[in-house]
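Scroll down for the structure; my scribbles are underneath it.
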Amino acid sequence: MIADISSIKNSEGKITVNETVEFGTVTFGGGAYEFKEVSVVGSIINIGGSLELKATATGEYITPCARCLKPVMSSFDADIYEDLTGEDANDELIAKDGNEWDLTELILSDILLELPMTVLCSEDCKGFCPTCGKNLNSESCTCESEEWDPRFDILKNFKADL
Ligand SMILES: [Zn+2]
Ligand SMILES: [Zn+2]
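The opening position of the sequence shown corresponds to residue 776 in our numbering, with each subsequent residue numbered one higher.
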């Protein structure tokens, strides 16, 4: 999302933001998120010389179920509030090219922080059998472990991190 800040760069004022942003597929924290169109609505304001972005980003994304890997569509609604010029400004996330500032990365980073760490296709998704690997939502097996034990999840993640 490119914002032309020329009208408020050197004087107090406000620009309205109402855009559709394409992020495509993003990998973050070991997960993959396939974003559908994301709508960003808000404004960029010059208050006393500092530029602030205040917006709401809404959209949908598809990510695999944490237990059975089936793709799950979820929606999000993220508040974005960023000081674009202050000491804490994330300069590496804002591509500043004269008066045209690309805020795509900055907005995406705020959205990713709002997404849940784990998405499940359903609360009682049975996932895969840790012994034989069958998807227990559609198949049954004769392995010993009758009940899902969340400790298997932890062990699996622990191994994946090594
Ligand atoms: Zn599932
Ligand atoms: Zn099994």
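Heads up, the beta-carbon is just placed ideally off N, CA and C, and yes, glycines get one too.
Check	Outcome
Start-end ranges of the beta strand (DSSP E) lying completely within the region 845–933, minimum 3 residues	846–858, 870–872, 875–877
Proximity test, T906 beta-carbon vs ligand 2 heavy atom, cut-off 7 angstroms	yes
L911 beta carbon near ligand 1 (any heavy atom closer than 7 angstroms)	no
Rounded straight-line distance, which links the Cα of C900 to that of E875	46 angstroms
Burial state of L844 (16 or more Cβ within 10 Å)	exposed
Close Cβ partners of S825 (< 7 angstroms) along its chain, the five nearest in sequence each way excluded	D858, T860, G861
Cβ-Cβ separation, S814 to T938 (assumed contact under 8 angstroms), whole Å	Given that the chain is displayed from residue 776 to residue 937, the structure contains no residue 938 and the question cannot be resolved.
Which listed residue (I837, S782, T791) has its alpha carbon closest to that of L887	I837
Uninterrupted beta strand (DSSP E) stretches inside the region 793–819 (no shorter than 3 residues)	800–803
Burial state of T800, where buried means 16 or more other Cβ atoms lie within 10 Å	exposed
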